[in-house]
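These protein sequences, in sequence, are chains Z and G.
Residue numbers for the first sequence, in the working numbering: 1 to 248.
Residue numbers for the second sequence, in the working numbering: 1 to 248.
Don't be surprised by glycine CBs; every beta carbon is placed ideally from N, CA and C.
As the structure is a prediction and not an experimental result, all values here were calculated from the model.
Heads up, the thing below is written out as structure tokens.
2 protein chains.
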Amino acid sequence: MSDDAKVSTPQRTDDEDRQAWLRGVAADMARLDRSSSAERAADVLRRSITEGALRPGAQLSEIELTEVLQVSRNTLREAFRLLTHEGLLVYKLHRGVFVPELDERDVVDLFRLRRVLEVDVVRGLSERDPELPASRLEPLHADVESARAAALAGTWPAVGTANMGFHRHLIGLADSPRLDAITSRLLAELRLLFHVMATPRELHEPYIARNQAILELLEAREYEDAADDLHRYLVDSEKGLLAAFKAR
Amino acid sequence: MSDDAKVSTPQRTDDEDRQAWLRGVAADMARLDRSSSAERAADVLRRSITEGALRPGAQLSEIELTEVLQVSRNTLREAFRLLTHEGLLVYKLHRGVFVPELDERDVVDLFRLRRVLEVDVVRGLSERDPELPASRLEPLHADVESARAAALAGTWPAVGTANMGFHRHLIGLADSPRLDAITSRLLAELRLLFHVMATPRELHEPYIARNQAILELLEAREYEDAADDLHRYLVDSEKGLLAAFKAR
DNA sequence: CTTGCAGGATTGTTGAACAATCTCTACTCT
DNA sequence: AGAGTAGAGATTGTTCAACAATCCTGCAAG
Chain Z
1 MSDDAKVSTP QRTDDEDRQA WLRGVAADMA RLDRSSSAER AADVLRRSIT
51 EGALRPGAQL SEIELTEVLQ VSRNTLREAF RLLTHEGLLV YKLHRGVFVP
101 ELDERDVVDL FRLRRVLEVD VVRGLSERDP ELPASRLEPL HADVESARAA
151 ALAGTWPAVG TANMGFHRHL IGLADSPRLD AITSRLLAEL RLLFHVMATP
201 RELHEPYIAR NQAILELLEA REYEDAADDL HRYLVDSEKG LLAAFKAR
Chain G
1 MSDDAKVSTP QRTDDEDRQA WLRGVAADMA RLDRSSSAER AADVLRRSIT
51 EGALRPGAQL SEIELTEVLQ VSRNTLREAF RLLTHEGLLV YKLHRGVFVP
101 ELDERDVVDL FRLRRVLEVD VVRGLSERDP ELPASRLEPL HADVESARAA
151 ALAGTWPAVG TANMGFHRHL IGLADSPRLD AITSRLLAEL RLLFHVMATP
201 RELHEPYIAR NQAILELLEA REYEDAADDL HRYLVDSEKG LLAAFKAR
């Protein structure tokens with residue numbers, strides 16, 4: 001860690017800045033030289049699925065998509081694999097790939113995991129409070145803000161996106177790459193579930209304020225209260241989705 | 001198993017049996033027609049990695065493996081993708097696939113998740129105790145038994161396998177497919193970590209008895225005590241691995 | 001109404017080919 | 001001599017065309 005800083009600026013900050021910059025550049029590079037074709041195709045498909053253009057249950061034809069996406073069948077199948085791992089597609093042997101159709105049991109399973117993981121992250125924050133700068137909460141503020149803006153504009157899917165970003169960033173506070181990966185998959189599946197709703201307003205609107213309340217508790221370092229709030233939040237959200245299923 | 005009994009047996013049980021049988025048949029079918037080539041190649045590689053024939057850091061050459069496994073490059077790459085998703089391989093763009101080298105941070109990350117998930121499963125058992133037949137604990141007994149047998153034979157890697165099976169089956173009690181998938185990946189990565197030990201005896205032996213103790217608490221329906229034991233178990237196991245890293 | 005059987009369509013797999021990138025060696029220049 | 005550089009060789013990324021295996025559809029027969 002320590003270095004041969006010969007200048008008179010505080011070495012710690014200087015070094016930390018450099019480290020942060022190095023990480024940033026590395027991340028940018030990794031983002032740029034992605035496996036080009038396969039990941040680019042996966043990006044397009046991912047958006048089509050999460051935005052609802054491809055409904056749950058829909059089949060994705062290989063030959064059709066090779067023409068649309070301008071990639072070979074092999075590359076397309078690699079993109080399929082990527083999305084399969086994210087839970088956005090399922091393979092049926094010799095029958096093709098489909099957008100998964102989730103049901104009530106999946107809702108229960110999904111929220112069971114969300115509760116365990118998210119609540120534990122928030123509870124665990126109290127133990128590493130000192131090393132957690134306030135700037136780490138910045139992305140959460142941005143999510144609440146954009147959720148509120150989207151609500152004003154009436155674009156409820158965007159509200160859902162922002163709310164999901166809030167929880168993704170909340171999980172990110174734990175600095176656990178494996179937890180981040182798991183969360184990414186869970187939220188992708190949650191997206192699929194949202195499509196059971198005709199009008200997603202009552203599915204997203206109530207949670208804007210509740211996210212903000214949790215965020216304020218985090219700022220006040222009331223981690224236990226925040227965890228309790230979050231738990232109730234997830235229970236209610238699950239109830240809402242299950243109700244939407246029954247009313248469907 | 002069940003039959004289309006027109007006799008006077010209670011219909012409910014009859015129907016439930018039929019349902020169970022249908023699920024069993026479906027599972028068997030799904031297990032049989034696996035994606036043949038790609039999954040078969042992945043099976044071979046998976047065993048090579050988990051059994052240590054391919055050490056962490058080793059590179060897997062494509063042309064070499066196409067000859068050994070008798071599959072085409074495209075199919076081999078699909079097998080690589082499968083194992084990448086399990087955490088047993090990592091891709092480095094334009095450089096190839098490698099067996100990952102995990103370090104202390106991975107140990108901490110991994111065990112953090114194991115503690116949260118496994119402990120929560122055990123705690124949650126108390127709420128669904130009535131619907132949990134004693135036969136569900138049968139696989140756990142088998143794991144303890146085979147661990148003990150392997151210890152007598154001195155085959156410590158087999159002890160590790162049995163111990164991991166115990167925890168996999170423990171998680172399985174939650175009946176959560178997503179949790180099962182996550183666990184499968186975590187345990188695969190744990191396997192990679194075991195290879196840092198020259199002599200794996202002290203890494204596995206102490207935990208045979210501790211698994212049995214936990215199992216006995218489960219049978220006695222002392223779920224809180226079992227959860228506490230499990231928590232300590234995982235803390236100690238993490239310590240042992242970290243110590244092995246430092247002594248390496 | 002169910003069962004069995006073509007025929008057509010789709011997926012699974014292969015092999016070869018070319019482009020892009022990395023690694024290593026050997027060379028040049030100071 | 002040592003550092004930097006250019007290029008050859010090897011490996012990976014991607015595409016294409018073809019064939020084998022499997023699934024789905026519709027129709028005929030019982």
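For residue i, the residue or residues it bridges with in DSSP
| i | result |
| --- | --- |
| Leu60/G | Val97/G |
| Val90/Z | Phe98/Z |
Proximity of residue i and residue j at Cβ, strictly below 9 angstroms
| i | j | result |
| --- | --- | --- |
| Phe245/Z | Val107/Z | yes |
| Leu218/G | Ile49/G | no |
| Glu205/Z | Phe111/Z | no |
| Asp129/G | Tyr223/G | yes |
| Ile182/Z | Leu88/Z | no |
| Ala38/G | Glu67/G | no |
| Leu215/Z | Leu125/Z | no |
| Gly57/G | Glu101/G | yes |
| Glu104/Z | Leu242/Z | yes |
Residue i at chain Z interface by Cβ criterion, 9 angstroms
| i | result |
| --- | --- |
| Asn211/G | no |
| Asp228/G | no |
| Asp43/G | no |
| Leu179/G | yes |
| Glu78/G | yes |
| Leu117/G | yes |
| Leu217/G | no |
| Leu125/G | no |
| Leu234/G | no |
| Asp109/G | yes |
| Ile182/G | yes |
Minimum Cβ-Cβ distance from residue i to chain G less than 9 angstroms
| i | result |
| --- | --- |
| Ala174/Z | yes |
| Val122/Z | no |
| Asn296/Z | Outside the shown range of chain Z (1 to 248) lies residue 296/Z, about which nothing can therefore be said. |
| Asp33/Z | For Asp33/Z, the predicted model reports a pLDDT of 49, less than 50, meaning its position is unreliable; a value from the coordinates is still stated below. So, interface residue. |
| Asp143/Z | no |
| Arg112/Z | yes |
| Asp103/Z | no |
| Trp21/Z | With a pLDDT of 45 at Trp21/Z, under the threshold of 50, the modelled position of that residue is not reliable, and the figure given next carries that caveat. Trp21/Z does not count as touching chain G. |
| Val25/Z | Caution applies to Val25/Z, whose pLDDT of 43 falls short of 50 and renders its modelled position unreliable; the value that the coordinates give is listed next. With 9 angstroms as the cut-off, Val25/Z does not count as an interface residue toward chain G. |
| His85/Z | yes |
| Leu82/Z | yes |
| Leu186/Z | yes |
7 angstroms Cβ shell around residue i - same chain, five flanking residues per side excluded
| i | result |
| --- | --- |
| Leu32/Z | With a pLDDT of 46 at Leu32/Z, under the threshold of 50, the modelled position of this residue cannot be trusted, and the question is left open. |
| Leu69/Z | Ala41, Val44 and Leu76 |
| Leu22/Z | Caution applies to Leu22/Z, whose pLDDT of 43 falls short of 50 and renders its modelled position unreliable; the model cannot decide the point. |
| Arg201/G | Trp156 |
| Arg114/Z | Leu186 and Leu234 |
| Met197/G | Leu203 and Ala244 |
Contacts around residue i, its chain only, beta-carbon distance under 8 angstroms, and the 5 residues preceding and following it disregarded
| i | result |
| --- | --- |
| Glu86/Z | Arg46, Ser184, Arg185 and Ala188 |
| Ala134/G | Glu219 |
| Leu179/Z | Leu117, Val121 and Ile171 |
| Thr199/G | Trp156 |
Cβ shell of residue i (< 6 angstroms), same chain only, five flanking positions each side left out
| i | result |
| --- | --- |
| Val159/Z | Ala147, Ala150, Ala151 and His204 |
| Met164/G | Leu187 |
| Val71/G | Ser37 and Ala41 |
| Val90/G | Phe98 and Pro100 |
Sufficient close CB pairs (3 or more, under 8 angstroms) joining the region 119-126 of chain G to the region 158-174 of chain G: Yes, since at least three Cβ pairs between the region 119-126 of chain G and the region 158-174 of chain G fall closer than 8 angstroms, the two stretches touch.
Any 3 or more C-beta pairs closer than 8 angstroms across the region 205-219 of chain Z and the region 228-240 of chain Z: The region 205-219 of chain Z and the region 228-240 of chain Z touch, with no fewer than 3 CB-CB distances between them shorter than 8 angstroms.
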